[in-house]
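Residue numbers (this note's numbering), protein chains in the order written: chain A, 2 to 333; chain B, 2 to 333; chain C, 2 to 333; chain D, 2 to 333.
Every residue gets a Cβ at the ideal spot worked out from N, C-alpha and C, and that includes glycine.
To keep things clear, I will list the structure first and then write my remarks on it.
4 protein chains.
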Amino acid sequence: MNTFGSTFRCTTFGESHGRALGVVIDGCPPGMDLSEKDIQPLLDRRRPGKAPLESPRREEDRVEILSGVFEGRTTGAPIAMTVHNQDVRSGDYAALAKVFRPGHADYTWLKKYGIRDFRGGGRSSGRETVARVAAGAVAMKCLERHGISIHGRIIEIHGESDPEPMEREIISAMEEGDSVGGMIEVTADGCPAGLGDPVFEKLDARIAHAMMGIGAVKGVEIGEGFHAARLRGSENNDQIDAAGFISNHAGGILGGISSGQEIIVRIAVKPTPSISRVQQTIDTDGNATEISITGRHDPCIVPRILPVAEAMLALVLIDALLEQAKYHDFIV
Amino acid sequence: MNTFGSTFRCTTFGESHGRALGVVIDGCPPGMDLSEKDIQPLLDRRRPGKAPLESPRREEDRVEILSGVFEGRTTGAPIAMTVHNQDVRSGDYAALAKVFRPGHADYTWLKKYGIRDFRGGGRSSGRETVARVAAGAVAMKCLERHGISIHGRIIEIHGESDPEPMEREIISAMEEGDSVGGMIEVTADGCPAGLGDPVFEKLDARIAHAMMGIGAVKGVEIGEGFHAARLRGSENNDQIDAAGFISNHAGGILGGISSGQEIIVRIAVKPTPSISRVQQTIDTDGNATEISITGRHDPCIVPRILPVAEAMLALVLIDALLEQAKYHDFIV
Amino acid sequence: MNTFGSTFRCTTFGESHGRALGVVIDGCPPGMDLSEKDIQPLLDRRRPGKAPLESPRREEDRVEILSGVFEGRTTGAPIAMTVHNQDVRSGDYAALAKVFRPGHADYTWLKKYGIRDFRGGGRSSGRETVARVAAGAVAMKCLERHGISIHGRIIEIHGESDPEPMEREIISAMEEGDSVGGMIEVTADGCPAGLGDPVFEKLDARIAHAMMGIGAVKGVEIGEGFHAARLRGSENNDQIDAAGFISNHAGGILGGISSGQEIIVRIAVKPTPSISRVQQTIDTDGNATEISITGRHDPCIVPRILPVAEAMLALVLIDALLEQAKYHDFIV
Amino acid sequence: MNTFGSTFRCTTFGESHGRALGVVIDGCPPGMDLSEKDIQPLLDRRRPGKAPLESPRREEDRVEILSGVFEGRTTGAPIAMTVHNQDVRSGDYAALAKVFRPGHADYTWLKKYGIRDFRGGGRSSGRETVARVAAGAVAMKCLERHGISIHGRIIEIHGESDPEPMEREIISAMEEGDSVGGMIEVTADGCPAGLGDPVFEKLDARIAHAMMGIGAVKGVEIGEGFHAARLRGSENNDQIDAAGFISNHAGGILGGISSGQEIIVRIAVKPTPSISRVQQTIDTDGNATEISITGRHDPCIVPRILPVAEAMLALVLIDALLEQAKYHDFIV
């Protein structure tokens with residue numbers, strides 16, 4: 002299932018080394034200004050090959066809007082966007098055709114589908130997130146009209162929370178042919194109360210779904226999150242006075258529905274599984290072998306996941322916002 | 002949206018103090034033995050009023066199957082099950098009609114719907130989970146036929162991980178009119194490789210969605226979870242030898258697809274928001290007031306969430322298992 | 002799939018001779034007056050055993066609302082309704098356990114599910130429509146608030162379009178152990194322009210889906226319908242002048258979207274397949290045999306399908322109406 | 002909603018005069034041979050500008066597969082296909098910017114979305130069906146592996162059912178600046194028993210949905226269809242003997258589930274609304290005006306709808322076939 006959302010629905014496609022990646026957005030409100038200029042800056046943020054600590058793969062990631070926009074405005078028709086792949090060196094991956102990389106989807110994809118595009122992870126590559134960021138850019142544009150803004154930041158790399166030690170951890174891992182993980186916090190300001198649902202489709206459940214659906218994310222928490230398990234009710238409850246909530250331990254969501262406070266989400270990102278250190282693995286015939294992954298990879302994927310996490314939060318919120326609109330005639 | 006699942010779809014209904022709670026399961030495989038005896042024991046586990054540390058509300062929680070079973074076997078028709086409410090003292094809640102309880106959905110529900118069933122939390126009550134446990138019991142029965150079993154355990158209460166200190170924490174909180182949270186681990190054994198999807202509908206994304214959709218859950222992690230953010234790739238990757246995976250840091254899911262290893266999920270449960278300690282709040286007119294909640298409540302909701310978390314994992318897995326079956330003709 | 006609708010979603014359950022039939026409505030707008038009194042009259046219209054030409058099965062069809070209503074108003078929580086079966090003479094059907102009735106779902110259900118509830122057609126019985134009519138009653142109540150009303154009428158029985166000959170056809174068929182079909186027209190007045198979608202989810206496509214999803218319906222047409230195939234564009238186009246559309250050949254839908262004119266739908270209902278005349282068939286072992294169906298059946302099902310067709314049109318329209326609301330902030 | 006299907010899901014995009022049309026297929030079985038050569042011939046059949054009686058717009062309709070195929074086989078990843086528009090003379094349509102063409106979606110689209118791409122009907126153009134035919138070609142390839150084949154034929158043009166008079170009707174209409182409609186029959190051979198669902202998602206309901214979702218289709222019938230309304234049960238029932246069904250009045254579907262017989266569908270196509278005869282209409286300010294449509298249009302759209310109707314039937318059947326697979330472990 003490559004579709005996300007129920008009202009603002011994004012269907013993505015494309016593989017790491019295929020012709021193009023893309024997304025079709027169905028349900029974007031009509032009459033909104035939109036052009037490639039709204040999308041490109043966010044893709045540029047996500048793009049590889051910009052910094053010495055990032056994968057040297059060079060992709061322009063030039064987005065093209067194929068449909069759904071007429072004279073600079075959305076029409077209500079589906080918005081298709083594509084990004085063509087350019088720097089595709091599939092030869093790099095021929096050696097991986099018959100071996101499973103530890104920590105990657107190689108083994109499980111083959112078990113599921115019985116066939117595998119082994120070039121750069123195929124559909125399971127982080128490159129798939131290009132389409133999410135493009136869709137997220139459109140979602141953010143819609144959210145802005147309603148005064149909602151999304152902000153993400155890296156709060157930890159390999160246990161360090163200050164910029165310099167963070168960078169040191171990445172460099173040190175890279176030098177040792179290894180990789181490191183980290184944590185990201187994403188918040189949303191300006192979100193009205195009333196978004197989300199009380200049972201299965203709680204706003205936090207949708208956010209957890211969205212975030213854990215990003216490759217390499219292994220944990221999600223809202224507000225106090227895991228720390229809440231160590232608090233008492235008197236410490237964790239957000240009391241209220243005439244001016245509003247006194248605290249925000251809940252992270253902006255109560256009973257699955259937004260409270261009007263800032264929405265606070267944190268995610269745990271695992272260390273990049275592609276490392277040049279020798280690892281034990283098996284080939285597709287089940288024979289034991291060793292592997293050292295020498296392609297173009299980030300020693301730490303956290304910075305590149307940051308815009309993806311923001312995009313996913315935007316996609317959750319625009320969906321919930323449009324759904325809530327259906328009650329507007331009924332709630333005075 | 003009160004429906005969970007795409008192939009094994011459960012639609013639940015009912016409020017804390019309404020006539021009945023229930024669920025309709027659509028998509029349960031036909032030809033499977035099923036009777037109330039398969040459901041009741043799991044409801045009994047979740048039932049309140051059994052132990053001194055639990056809410057004294059007395060409910061028999063007697064389940065009745067209304068449809069979908071003929072001569073003791075499922076027919077492919079939807080299975081409707083109801084549990085009628087008995088010990089409903091709505092009078093207890095009259096005082097809450099015009100005030101928002103901190104940490105509850107009272108305020109946000111009203112913001113969303115413009116009307117609120119204030120009796121015991123209405124639809125947002127933990128009592129809603131009766132229906133989930135009933136549905137989960139059916140899912141578990143299906144999973145058993147495929148050799149999959151689900152196990153949950155409490156791993157922490159208010160920071161304590163041994164039974165006796167755990168109980169002490171609960172008693173101490175109760176005596177002080179307060180409450181405590183904790184952590185639960187749920188695992189699945191026997192799950193075949195190949196379940197889940199590579200992009201948005203990753204198996205871990207669905208599990209996160211399911212778990213965070215339980216009231217009071219504020220965090221979800223898979224395998225190493227948040228700890229993975231502090232590991233290096235060489236520590237976190239699960240290497241493979243001819244006998245299979247050497248470790249299971251991934252918690253049984255790689256690239257969103259099950260690997261055949263044990264699936265390991267942990268969730269953080271916040272302390273029960275209902276406490277008798279005086280808290281600041283506002284009434285429905287926005288005036289500041291104070292509240293002390295004296296109804297029938299658990300000082301620690303963790304033990305009662307345990308069977309719910311197991312049920313939700315069962316619902317995710319049966320759904321993914323049935324979906325995967327659609328490829329059976331294609332994968333040799 | 003026993004769910005209809007995407008925003009106003011109805012999930013139905015129950016078999017002809019099971020304990021109860023029912024429906025869960027998810028997505029009904031909150032704050033709307035609702036009680037059993039709004040539902041019962043429509044069920045009474047559909048009820049068997051009222052007239053000499055109808056099945057003598059006696060069912061009170063007493064509806065009970067189990068959830069979703071608080072102090073006489075909808076709350077936004079799912080509305081569950083049940084109707085318990087009473088006059089269940091399963092013994093009547095024992096003879097049918099091993100034989101396939103021509104024109105019924107007996108054979109195909111068994112092929113699909115491998116097991117069959119043979120009592121009165123089980124889930125495939127027309128009795129299933131009790132739940133649709135109950136849901137439709139709620140939908141009609143919502144539509145009324147928006148000035149939309151639904152009207153159905155029988156326009157033909159076995160080729161006759163005047164009441165007296167219609168009745169004669171039914172009596173004559175009954176006397177000969179046979180049955181007759183007919184045609185129904187259902188219209189909606191007051192529907193605003195803008196409902197429906199331009200591509201797959203055209204309003205007429207949804208109506209066709211809804212109507213053909215009623216047992217015994219074999220054809221659906223909108224406006225001129227099949228007759229349009231024999232017209233020229235200059236005859237079939239609805240021209241417009243300053244006062245609005247000059248004609249309504251389109252039946253109120255253009256390009257899949259409502260035009261604000263009356264919506265006009267016609268359906269063809271096949272003759273009841275249950276007849277006492279001897280028919281050739283096979284048993285579940287594949288052996289040829291004969292069958293004469295002597296249970297309690299209507300010689301003409303058209304009058305009882307009438308309220309069902311109205312209900313289905315109401316369900317389509319309320320769904321489309323609520324969906325369209327999501328654009329309200331965007332379209333001035 | 003621009004997505005069709007639940008298991009084999011097609012999301013289409015593109016406008017008549019936009020950059021490209023396309024489709025993303027999600028849920029296509031993996032491991033199947035697929036290339037542009039499987040798609041192109043069906044697009045060529047649908048293509049305009051081939052015959053004197055067809056629109057002279059010249060489009061190569063060259064399909065490109067962007068994703069989901071690796072080394073000539075499907076991988077389980079979404080298959081995106083695009084067709085770029087070439088012969089786009091938007092200038093032709095400038096005159097239509099402010100006027101509503103009778104019989105077209107111009108008026109209703111504007112009412113729905115508040116903005117309109119007036120170039121050639123925008124998203125509501127018949128050109129949108131390029132994407133359906135491309136998706137249908139993939140579906141047919143899947144169906145072939147299971148022995149299912151789809152056949153369509155024109156059975157009537159403006160009341161005539163023989164080829165020569167049919168052509169005469171089209172020529173005569175064209176000469177008079179008018180247009181004609183007609184009827185198409187589409188059948189499926191080799192379909193196994195057991196596809197479809199017993200209640201809302203009956204196979205015939207899905208077919209009706211699919212067919213009525215094609216622009217210009219105003220009626221759908223299965224088997225005897227509307228004629229069944231004039232039959233008696235003894236005439237319409239399909240009796241069975243040891244060799245199988247003796248007749249096929251039902252059109253291959255009983256109780257919403259395929260019977261294993263040929264599936265027979267007929268649709269009514271209205272006359273093309275674009276005619277050069279002068280018609281009354283209004284402009285976007287509501288002022289009365291006249292219109293004579295002189296662009297490039299087919300005097301009869303029936304031949305070009307034929308491959309679309311086949312494609313839609315294929316999409317319904319592959320979806321139902323893959324869904325049914327989920328029961329394979331349960332039904333022996």
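Close-in-space but distant-in-sequence residues of the same chain around residue i (CB under 6 Å, 5 per side omitted)
i	result
B/S275	I294, H298
B/V333	In this prediction, B/V333 has a pLDDT of 39, which is less than 50 and means its spatial position is unreliable; what the coordinates show is noted afterwards. Excluding positions up to five away in sequence, the list is empty.
D/R10	T4, D27, G28
A/I56	Note that residue 56 of chain A is Ser in the sequence shown, not Ile. Counting only Cβ-Cβ distances below 6 Å, and skipping sequence neighbours, we find P49, R297, H298, D299.
C/Q280	P103, I292
A/F14	G23
D/G160	none
Check whether residue i and residue j have beta carbons under 8 Å apart
i	j	result
B/I223	B/D205	yes
A/S68	D/E129	no
B/L316	B/C192	no
A/A81	D/G122	no
D/T75	D/L35	yes
C/G214	D/V200	yes
A/R46	A/D88	no
Integer Cβ distance of residue i from residue j, believed to fall under 8 Å
i	j	result
D/D320	D/T8	5 Å
D/I265	D/G253	6 Å
A/K271	A/K219	5 Å
B/A181	B/A189	This sequence places Val at residue 181 of chain B; Ala is not what is there. Not confirmed; about 27 Å, so no contact.
B/V303	B/G183	4 Å
A/A106	B/L97	Wrong, their Cβ atoms sit about 49 Å apart, outside the cutoff.
A/R133	A/N86	That pair is no contact at about 16 Å.
D/S260	C/Y114	Going by Cβ atoms, the distance from D/S260 to C/Y114 rounds to 14 Å, so no, they are not a contact pair.
C/L43	C/G127	Not really, about 16 Å apart at Cβ, beyond 8 Å.
Helix, strand or coil at residue i [DSSP, three-state]
i	result
A/K271	coil
B/R143	Position check: residue 143 of chain B holds Cys in this sequence, whereas Arg was assumed. In the structure shown, B/C143 sits in a helix (DSSP, three-state: H, G or I).
B/K113	helix
D/Q41	helix
C/E16	coil
D/A194	coil
D/S173	helix
B/V134	helix
A/R102	coil
Own chain, CB closer than 7 Å to residue i, minus 5 neighbours either side, in chain order
i	result
C/H147	L322
B/S277	G178, S293, I294, T295
Interface partners of residue i on chain A, CB under 8 Å
i	result
D/L67	F14, G15, G19, R20, A21, G23, T83
Interface residues of chain A facing residue i [CB-CB closer than 7 Å]
i	result
B/I241	F101, P103, Q281, T282, I283
B/P49	Those do not exist, as B/P49 stays about 18 Å from chain A at its closest Cβ, beyond 7 Å.
D/D62	The premise fails here: D/D62 is roughly 15 Å from chain A at the closest Cβ pair, so nothing lies under 7 Å.
Cβ-heavy atom distance, residue i to the ligand PLP, below 7 Å
i	result
D/G115	By its list of ligands, the structure shown contains no ligand whatsoever, and the ligand PLP lies outside what it can speak to.
Proximal residues of chain C, C-beta to C-beta of residue i below 7 Å
i	result
B/D27	M2, N3, T4, T12
Partners in chain A for residue i, counting only beta-carbon separations shorter than 9 Å
i	result
D/G115	P31, G32, G77
Proximal chain C residues relative to residue i, where beta-carbon distance stays under 8 Å
i	result
B/G123	F71, T76, A78
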